[in-house]
Amino acid sequence: MQWRVKPALPVAKLITAVALPALVAGFAPDDLSRWLLAGVVAAAIVVWAARDVLHPVRLAADDAGVTVLTGFARRRHLPWTRIEAVRVERVRRSEVLEIDAGDAVYVLSEPQLNAMPEDVAAQLAQLRPVG
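So for the sequence shown, the working numbering puts the first residue at 5; every next one is plus one.
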């Protein structure tokens, strides 16, 4: 099983990256500092969107355990024996999936999973060996 980023997410990020310089052009065309700031922020957003396009799978699971994406593109495989808990936490008005591996907690939101965290937790519980 795999859960990947919602396809609309990188599109929204790229639209935002394009909108920033457009806003500067419309409201402060002669302000060099705003152009520089908009350029830096837009570049960062493009890199963030590129991660979504190049590495869309955020979580994969099978009988051996789960694999999560960490950092920009590193994958970490966690055998079921290393996973202490899988739970759904409420953060403000949304839910997130938490995978507690003892030394690290991986937090994934609905847009990152393209599924409700509660549903993903239920599917992981079915895959996880009893014992």
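All residues carry an ideal CB built from backbone N, CA and C; glycine is no exception.
request  = Please confirm whether A89 and I49 have their CB atoms less than 8 angstroms apart.
outcome  = The Cβ-Cβ distance between A89 and I49 does not fall below 8 angstroms.
ask   = Where DSSP assigns a beta bridge to S1, which residues make up the other side?
value = The displayed coordinates of the chain run from 5 to 135. Any statement about residue 1 would go beyond what the structure contains.
request  = Would you mind working out which of V45, R132, I87 sits nearest D107, comparing C-alpha positions?
outcome  = When only C-alpha atoms are compared, the closest one is I87.
query = From which residue to which residue does the beta strand (DSSP E) around K71 run?
reply = In the sequence as presented, Lys is not what sits at residue 71; that position holds Thr. Unbroken beta strand (DSSP E) run through T71: 69-74.
key: For D35, the first and last residue of its enclosing alpha helix (DSSP H)   = Boundaries cannot be given for D35, as no alpha helix (DSSP H) includes it and DSSP labels it neither H nor E.
ask   = Using 8 angstroms as the threshold, is the segment 49-64 in touch with the segment 13-27, meaning 3 or more CB pairs across them?
value = Contact holds: three or more Cβ-Cβ distances are below 8 angstroms.
inquiry  = Quick check on DSSP: helix, strand or coil for V61?
reply    = strand
inquiry  = Can you tell me where the alpha helix (DSSP H) holding P121 begins and where it ends?
reply    = 121-131
Contacts around L131, its chain only, beta-carbon distance under 6 angstroms, and the 5 residues preceding and following it disregarded = A65
key: Buried/exposed call for Q116, threshold 16 Cβ in 10 Å   = buried
ask   = What residues in its chain sit with their C-beta under 7 angstroms from that of W39, if we drop five residues either side in the sequence?
value = Leaving aside the five residues that flank W39 on each side, the residues in its chain whose CB is nearer than 7 angstroms to its CB run, in chain order, V28.
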